[in-house]
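Structure first, then comments.
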Amino acid sequence: MSRLHLFRPRLRVFLLAGTIVALAAAPASASERLELLGDDPGLKHLGSEIERLAEASLGTVGVAAIHLESGRGVLLNADERFPMASTYKVPIAVEILAQVDAGKRSLDDLITMQTSDHVVTYGALSDFFDTPGSRLTIQNVLGLMLRISDNIATDLLFREAGGAEAITARMKASGVEGIRVDRTTRALIANFLGRDDATVAVPMPPAEYNRLILEDNSSQLDERRLAGLNKSFNSDPRDTATPRAMAALLRKIWKREILSEQSSALLIDIMARCETGENRIPGALPPGTPVAHKTGTIGESTNDVGVITLPGDAGHVISVVFVKESRLPSNAAMEPVIAEIARASHDYFVFNRGSS
140 MSRLHLFRPR LRVFLLAGTI VALAAAPASA SERLELLGDD PGLKHLGSEI
190 ERLAEASLGT VGVAAIHLES GRGVLLNADE RFPMASTYKV PIAVEILAQV
240 DAGKRSLDDL ITMQTSDHVV TYGALSDFFD TPGSRLTIQN VLGLMLRISD
290 NIATDLLFRE AGGAEAITAR MKASGVEGIR VDRTTRALIA NFLGRDDATV
340 AVPMPPAEYN RLILEDNSSQ LDERRLAGLN KSFNSDPRDT ATPRAMAALL
390 RKIWKREILS EQSSALLIDI MARCETGENR IPGALPPGTP VAHKTGTIGE
440 STNDVGVITL PGDAGHVISV VFVKESRLPS NAAMEPVIAE IARASHDYFV
490 FNRGSS
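Numbering-wise (my numbering), the sequence shown opens with residue 140 and increments by one.
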């Protein structure tokens, strides 16, 4: 199982998530859910294959599979909102790097960890930098947030970036509609576990938050309660994105349209060294295929977003796969769906190059 990003790997909220049957409306027809970008005759077949693969999720799947250079591609449920989970760390990174580009801060600026920053979570800062007053550079914290999905690192950068308002405003100002960032990971996880009183402005105290996490880790969650938590979370518009919007953000990063050349290259390099999700986008690709990506996992949601480099001069494929409301028994069981959709997209654009 790949590492999980919003909880420790053993938390029952992940182990049980797939056992809950989500209440959903009847699925839309293929013509309503699929959107083809370009006039390639084969795109219809790629779209049908992606739909077929998505059915194995036993949930709702959002996909953007777009050839970066030509713009040809397939979208599935393009404008439906999905919980981003830890994929929301990409827009946080963009805001921080945009401030570096503007000269408002430097990658060498030091961030000081406060006593209130230390909570139980997955990541290096929780395990190795547990002394209040520890200081790390923005670049180091950025690497921890994206490479191993460190949640404390994320909340430090969320604060440094100016919070939800600044991050979401950056998306809108850059022409990326459909991505909203609202909460720290601490507030998001607490809300998911039913603590609606936890907010960014009034965070749950570390000791209380730690009890919530540790109690959840050791207890048998009542399935009816968990079903209610998942249903509420899936309908929450906060910290969500559409596949179309996430693909647009990735395109702007790779095209150097939202950040400077230096900041774009840094962000892509860090995402290329992602240590989570080896069974997701990279999972079924030919060995050695370069992938720069960011994963996300919470409850019934399993995500991966990134860019695949195709062989030779075939270009790149933007790959966005969001899965929510899955009835599979675990997040790990959802990963082959992501992997096979990524492989189908990869193969199509390798053998159908069209014009760039």
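Built from N, CA and C at the ideal position, the CB exists for glycine as well.
On the CB-based measure, 16 or more other CB atoms within 10 Å of its CB, does Thr-400 come out buried or exposed? At residue 400 the sequence reads Glu, which differs from the Thr that was named. Classification for Glu-400: exposed.
Identify the continuous alpha helix (DSSP H) that holds Gly-302 and give its terminal residues. 302-312
Below 8 Å on the Cβ atoms is my guess for Thr-307 versus Lys-228; work out the distance and round it to an integer in Å. Going by Cβ atoms, the distance from Thr-307 to Lys-228 rounds to 14 Å, so no, they are not a contact pair.
Range covered by the alpha helix (DSSP H) that runs through Thr-324: 324-331
Looking at C-beta atoms only, is the number of pairs between the region 313-324 and the region 376-389 that lie closer than 8 Å three or more? yes
Can the beta-carbon of Asp-336 be found less than 7 Å from the beta-carbon of Ile-291? no
Can you give me the start and stop residues for the beta strand (DSSP E) that Leu-547 sits inside? Outside the displayed range of the chain (140 to 495) lies residue 547, so it cannot be described from this structure.
7 Å Cβ cutoff met for Ile-447 and Val-462: no
Reduced DSSP secondary structure (H/G/I, E/B, other) of Ala-337: coil
Spatial distance of Phe-297 from Gly-181 (CA atoms): 42 Å
In angstroms, rounded to a whole number, what distance separates the CA positions of Ile-352 and Val-259? 7 Å
Which complete alpha helix (DSSP H) runs does the region 221-269 hold, if anything under 4 residues is left out? 228-240 and 263-267
For Arg-191, does the three-state DSSP call read helix, strand or coil? helix
So the candidates are Glu-439, Leu-214 and Gly-210; which of them puts its Cα closest to the Cα of Ser-187? Leu-214
Rounded to whole angstroms, how far is the Cβ of Val-249 from the Cβ of Thr-276, which I believe are closer than 8 Å? Just to set this straight, residue 249 is Leu in the shown sequence, not Val. About 6 Å; that satisfies the 8 Å criterion.
Pick helix, strand or coil for Ile-352, following the three-state DSSP scheme. helix
Close Cβ partners of Asp-240 (< 7 Å) along its chain, the five nearest in sequence each way excluded: Leu-398, Ser-399 and Ser-402
Thinking C-alpha only, which one of Thr-441, Asp-178, Ile-409 and Glu-219 is nearest Gly-210? Asp-178
Assuming Arg-350 and Ala-423 are in contact, meaning their beta carbons sit under 8 Å apart, how far apart are those beta carbons, in whole angstroms? The Cβ separation is near 40 Å, so there is no contact.
As a quick exercise: from Ile-457, Ile-437 and Ala-366, pick the residue whose alpha carbon is nearest that of Ile-407. Ile-457
Go through its chain and collect everything with a Cβ distance to Val-200's Cβ below 6 Å, but skip five positions before and after it. Ala-193 and Val-462
Say yes only if the C-beta of Lys-463 is nearer than 6 Å to one or more non-hydrogen atoms of the ligand SAH, and no if none qualify. The ligand SAH is not among the ligands present in this structure, which contains no ligands whatsoever.
Hey, out of Ile-477, Arg-466 and Val-233, whose CA is closest to Lys-370's CA? Arg-466
Pick out whichever of Leu-368, Gly-445 and Phe-490 has its Cα sitting closest to the Cα of Ala-453. Phe-490
Using only alpha-carbon positions, find the residue among Val-202, Ser-196 and Leu-281 that is nearest to Ile-231. Leu-281
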